[in-house]
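Asker:
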Amino acid sequence: MNWSAENLRKQFPILQRKINGAPLHYLDNAATTFSPACVLEAVAGYENNYRSNVQRGIYQLGVESTEAYENARISAAKYLNAFSTEEIIFTSGTTFSVNLVAQCFGQSLQSGDEIVVSVAEHHSNFVPWQCLRERFGVTMKLIPVLANGSLDLSQLDQLITERCRLVAVSHVSNVTGSITDLETITAAAHRHDALVFVDGAQATPHGPVDVQALDVDFYAFSGHKSFGPTGVGVLWGRQQLLESLPPFLTGGGMIERVTADETRYMTGNRRFEAGTPPVAQAIGLGAALEWLMALPWQEIRPYEQKLSQRLVKGLLDIEGLNLLGEHSHQHRAPIFSFDIEGCHSHDICQVLDDYGVALRGGHHCAQPLMDALGLVATSRASIAVFNNEEDIEALLSALEKVLEVLR
Amino acid sequence: MSSGLYDGGIKALAASESAPKSLPNPDRRVSVDNPFCGDRIDLEVNIEAGRVTALAQEVRGCMLCQASANVVAGSAVGLSRDEVEHVGSKLTDMLKGCRSVDWPPEGWQQLGLFEPVARHKSRHSCVTLAFTALLKSFD
């Protein structure tokens with residue numbers, strides 16, 4: 000493929016927008032990224048041509064929507080290298096997926112059982128496990144972080160013991176961009192027959208994932224961070240595990256038979272897709288994943304690294320700036336959080352917006368990590384495949400203006 | 000555009016700590032958070048006969064939050080709950096674009112510095128958090 004960022008940018012209509020008269024320099028992709036035209040067309044195609052419910056109607060539209068929906072499931076299975084499409088559950092997003100596993104798996108837990116979570120997790124992969132502690136008396140142990148916010152795995156053997164039932168970690172930190180050493184964590188967990196749940200929300204935007212090679216047990220990601228629509232996500236789980244879990248939500252679409260006395264549930268993924276699923280969104284996500292799979296990642300990864308290197312160099316030149324995460328680019332995704340002495344991230348992001356630069360400021364739904372690092376908030380720049388050098392230079396140049404205004 | 004938000008007035012207010020960080024024997028301690036951005040105000044107050052007699056605070060927040068908290072702290076002593084609520088609602092009205100004829104309220108001229116914030120809806124709660132904290136201390 001003849002790939003270039005400039006050609007790729009033409010596929011994103013939203014990049015034509017001006018903000019305060021300036022070109023849009025969108026660097027908040029870790030929160031939500033944009034959809035290319037093929038995704039927008041896939042959603043519009045459903046809405047305009049065959050909008051109907053799935054797995055119900057025998058008429059033409061229903062057949063077409065069901066086929067498109069199930070094709071999206073095939074795309075998700077391919078993207079994750081799942082063993083089978085039966086392992087793919089469409090949810091509303093990663094938060095829903097974590098809650099599904101926490102609530103369903105949680106029912107098998109007993110007081111004294113242990114869950115291990117890292118202190119760096121997004122709240123969506125922290126609070127649902129914390130709730131199990133309150134509900135079932137489960138002990139929640141925390142993997143600590145190093146001073147730069149990366150996970151400190153030096154005490155893993157003390158944290159993951161025979162009482163551990165599940166370890167929940169992110170594949171890539173939404174704050175530091177650090178890539179978690181899943182191999183070490185999974186080996187430690189499986190030594191004690193504990194399961195491994197991975198929040199992959201920040202990993203899937205940067206290329207296909209191989210859950211078989213990772214040897215994890217559950218993997219979740221969100222559509223809107225992976226160039227798909229909002230309101231949809233994927234939960235992958237080993238089929239044997241999914242079969243062992245009780246349903247999460249109940250209702251239509253997930254039953255084999257309902258009588259006045261009892262209900263018999265479906266097996267497989269559909270047991271976890273009660274009600275009308277997010278059909279348009281899933282079809283859009285399927286298009287996004289096909290689009291991602293067609294990209295030449297062997298060329299894109301060095302390109303993302305080049306942008307990252309320029310950004311890191313520029314950031315480190317700023318006096319009083321503390322960049323979280325590893326400064327090496329080998330073990331991180333292009334997500335960069337920083338703190339500037341004397342400047343609050345919301346004030347920084349407010350002024351950056353004057354120059355069309357969109358950054359996220361705040362605690363990034365990771366308050367335990369902020370507490371561990373003694374921070375209130377950070378500014379975060381997150382790079383997607385459509386970003387270019389102009390975006391990075393615009394950020395660095397606007398940061399100079401920010402300091403003039405705020406200091 | 001952020002022009003007006005970070006002009007000299009608000010910057011100076013944010014930098015001017017108008018209250019100690021703690022009281023020797025506080026009657027009430029409250030902690031309020033802005034879940035949107037993580038701004039936090041830890042407040043200690045003494046209240047006698049329904050009026051604030053002493054206040055201390057620790058503010059971890061943006062410049063707007065710091066500035067607003069310093070305005071509130073500078074005027075809090077002697078206020079009743081109703082008075083705090085009255086000024087807070089005037090501030091909220093101003094931010095929503097419904098400025099009353101008596102804006103800014105008497106004795107609260109510095110709140111006029113926050114008028115440019117009205118254009119930035121995502122920042123309103125940064126300015127109102129200090130009033131939320133003080134009101135909570137009366138509960």
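So the protein lines, in turn, are chains A and B. According to numbering that gives the first Met the number 0, the first sequence is numbered sequentially starting from 0. According to numbering that gives the first Met the number 0, the second sequence is numbered sequentially starting from 0. Think of the CB as a built atom: it goes at the ideal place given N, C-alpha and C, for glycine as much as any other residue.
Give me the DSSP bridge partner(s) of P22/A.
Answerer: For P22/A, which the question treats as bridged, DSSP gives the partners K17/A.
Asker: Return no unless some Cβ of chain A is closer than 8 Å to the Cβ of G37/B.
Answerer: Yes, its Cβ sits closer than 8 Å to a Cβ of chain A.
Asker: Taking CB distances under 8 Å as the criterion, tell me whether R59/B reaches chain A.
Answerer: With 8 Å as the cut-off, R59/B counts as an interface residue toward chain A.
Asker: Taking its Cβ as the centre, do 16 or more other Cβ atoms sit within 10 Å of V100/B, making it buried, or is it exposed?
Answerer: Burial call: exposed.
Asker: By the 10 Å Cβ neighbour count, where 16 or more other Cβ atoms means buried, how is S3/A classified, buried or exposed?
Answerer: S3/A should be labelled exposed.
Asker: Determine the closest residue to I382/A out of T32/A, R16/A and Q10/A, with distance taken between C-alpha atoms.
Answerer: Selected option, being the one with the closest Cα: T32/A.
Asker: Since E86/A and Q280/A are thought to touch, with beta carbons under 8 Å apart, how far apart are those beta carbons, to the nearest angstrom?
Answerer: Actually they do not touch by this definition, with Cβ atoms about 20 Å apart.
Asker: Do you know how far the Cα of Q10/A is from the Cα of G283/A?
Answerer: Rounded to the nearest angstrom, the two C-alpha atoms are 15 Å apart.
Asker: How would you label V168/A, buried or exposed, when you count the other beta carbons within 10 angstroms and need 16 or more for buried?
Answerer: Result: buried.
Asker: So, with DSSP's three-state summary, where would you put A48/B?
Answerer: A48/B falls in the coil class under three-state DSSP.
Asker: Between V407/A and I73/A, what straight-line distance do the alpha-carbon atoms span, to the nearest angstrom?
Answerer: For chain A, the structure presents residues 0 to 406; residue 407/A sits outside this window and is missing.
Asker: Whole angstroms are fine: how far does the CA of G250/A sit from the CA of T258/A?
Answerer: C-alpha separation (whole angstroms): 13 Å.
Asker: Using DSSP with H/G/I as helix, E/B as strand and the rest coil, what is A219/A?
Answerer: Here A219/A sits in strand by DSSP.
Asker: Just to confirm the assignment, what range does the alpha helix (DSSP H) spanning L306/A have?
Answerer: W296 to L315 is the span of the alpha helix (DSSP H), which, as asked, contains L306/A.
Asker: Compare the C-beta of C97/B against all C-beta atoms of chain A and say whether one is closer than 8 Å.
Answerer: For C97/B, the answer is no, since every Cβ of chain A falls outside 8 Å of its Cβ.
Asker: Residues of the segment 366-378 of chain A with a CB closer than 8 Å to any CB of chain C: list them in chain order, please.
Answerer: In summary, chain C is missing from the structure at hand, where the protein chains are A and B.
Asker: Is there a Cβ from chain B that is less than 8 Å from the Cβ of D346/A?
Answerer: D346/A counts as touching chain B.
Asker: I'd like to check one pair, F104/A with L165/A: are the Cβ atoms closer than 8 Å?
Answerer: Closer than 8 Å, so yes.
Asker: Can at least three beta-carbon pairs, one atom from the segment 100-118 of chain A and one from the segment 232-248 of chain A, be found at a separation below 8 Å?
Answerer: Flag = yes, the segment 100-118 of chain A and the segment 232-248 of chain A touch.
Asker: So for E82/B, helix, strand or coil by DSSP?
Answerer: Here E82/B sits in helix by DSSP.
Asker: Could you please give the first and the last residue of the uninterrupted alpha helix (DSSP H) stretch that includes I382/A?
Answerer: Careful: I382/A lies outside any alpha helix (DSSP H) and carries neither H nor E.
Asker: Would you kindly work out how many angstroms separate the C-alpha atoms of A30/A and H223/A, rounded to a whole number?
Answerer: Whole-angstrom Cα-Cα distance: 8 Å.
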